[in-house]
Every structure is written in structure tokens, then in C-alpha cells.
Amino acid sequence: MEILETVTFDNAIAFTESIMTKMATGELTSPEITDAMLLWSRFANASLVKTKNGARGFFVTYLTSDSTLADNPSPEVITALESSPDIVAELLVKNLAMSAAMGLNHRRNGKEDMAQGSDRVRSRSANLIKQLNMPSLFDIAQQLRQSALTGVGN
């Protein structure tokens, strides 16, 4: 796997899918999983979550995956996410809010299967928020709440 200096949305999706698929299907042995996670972490620290496109691509894949890997994030993932608090905090809060809203919307429209997918993203986003040592998460959540209440804000 090649580590790119700049990451596009599509690169981030492809890289994240590749590692998650290999881990979920057992293609990687324990030492290889460690090596892959180190590569993933190095890639993430190098650029994956350092750009909005990279972080968006990562979250699209990681949070929506049918794999259970995102249900229990590894220490490498937590460390990589904590390396870019400005980008990660904003995207995680937005993912939490959007997935909660979409879950309600899907249920109102009788689309329970889609609602369950939104619920999974909401749960995974909330779990990451709880595990991250990122004070800006609370500030961004408060700003979003204030904007929702007043209709004014970023």
C-alpha cells in the first residue's frame, strides 16, 4: 500500500476500505494486522485526517461499514484522529447530528433499514467522541446546538 502525500476523498475511501476488508476477512494475521494498523496510523497521521477530504473519506467508510471494526476503535485509530482535532472534531459533531436527524427522517418515511444505518453511524460517532481527548468537540457541539436553536451561526 502506498502512502500518498496528499489525499483525495476517493483515495481515503479506497485506503480505508482496503485495510478494513483485509482485517474483517482474516486476510491479515495478528502481526500483519499490527503492521497494517501501524501503516494505517502512519498514513492517517501523515495526511488522511489532516485534510477535510481525507477525513471525510475516512469517516464515510469507517462509520458506515458493515464491519464491526468501527464499533470498537483501535488505539491507533484514536491516536490518528486526535492528531487533527480541528478537522476531526467538526466532522464528528456534524456526523453525529446528521445521522441522528436522518435516522428520524428515515423512520418518518417508513425506511427502517436506512434508519438503522443512520443509527449505526450515530452510535459510532458518539462512541468516537466519548473516546477522543478533544476539548474542541464540546465547543463545536455547543455552537451547533446554538445555531439549531437560533437559526444563526456557522
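So the sequence shown is numbered by our numbering: it starts at 11 and just counts up by one. Every residue gets a Cβ at the ideal spot worked out from N, C-alpha and C, and that includes glycine. A quick note: this is a predicted structure, and the numbers were derived from the prediction, not measured.
**OP:** Check whether the Cβ atoms of Ala90 and Val59 lie closer than 7 Å to each other.
**Re:** Against the sequence shown, residue 90 aligns to sequence position 80. Against the sequence shown, residue 59 aligns to sequence position 49. Their beta carbons are under 7 Å apart, which means Ala90 touches Val59 by this criterion.
Original post:
If Leu147 and Leu114 are in contact, beta carbons under 8 Å, what's the gap, nearest whole angstrom?
Top reply: Working through the sequence shown from its first residue, we reach residue 147 at position 137. Working through the sequence shown from its first residue, we reach residue 114 at position 104. Going by Cβ atoms, the distance from Leu147 to Leu114 rounds to 22 Å, so no, they are not a contact pair.
Subject >> Test item: CB-CB of Ala34 and Ser77 under 7 Å >> reply: Within the sequence shown, numbered from 1, the residue matching residue 34 stands at position 24. Within the sequence shown, numbered from 1, the residue matching residue 77 stands at position 67. Yes, Cβ-Cβ distance for Ala34 and Ser77 is below 7 Å.
Original post:
Is the beta carbon of Ala107 sitting closer than 7 Å to the one on Phe68?
Top reply: The sequence position of residue 107 within the sequence shown is 97, counting from 1. The sequence position of residue 68 within the sequence shown is 58, counting from 1. In this structure, Phe68 does not lie closer than 7 Å to Ala107 by Cβ.
Subject >> Cβ-based neighbour list, Asn143, same chain, cut-off 8 Å, excluding 5 preceding and 5 following >> reply: As a position in the sequence shown, residue 143 is number 133, starting the count at 1. Within the same chain, Asn143 has close Cβ partners Glu92.
**OP:** Answer yes or no: do Arg132 and Ala110 have a C-beta to C-beta separation smaller than 7 Å?
**Re:** Your numbering for residue 132 matches position 122 in the sequence shown. Your numbering for residue 110 matches position 100 in the sequence shown. Cβ distance < 7 Å, so Arg132 and Ala110 count as in contact.
Original post:
Which of the three DSSP states, helix, strand or coil, is assigned to Thr26?
Top reply: Taking the sequence shown and counting its residues from 1, one reaches residue 26 at position 16. Three-state result, Thr26: helix.
Original post:
First and last residue of the alpha helix (DSSP H) that includes Lys60?
Top reply: For the purposes of this step, residue 60 is taken as the residue at position 50 of the sequence shown. Careful: Lys60 lies outside any alpha helix (DSSP H) and carries neither H nor E.
**OP:** Below 7 Å CB to CB, which residues in the same chain sit around Glu27 once its five sequence neighbours on both sides are set aside?
**Re:** The sequence position of residue 27 within the sequence shown is 17, counting from 1. Only Thr71 meet the Cβ criterion.
Subject >> Inter-residue CB distance, Val150 and Ala80 (contact presumed, cutoff 8 Å) >> reply: Your numbering for residue 150 matches position 140 in the sequence shown. Your numbering for residue 80 matches position 70 in the sequence shown. The residue you asked about is not Val; residue 150 is Ile in the sequence shown. Their Cβ separation, rounded to whole angstroms, is 21 Å, which puts Ile150 and Ala80 out of contact at 8 Å.
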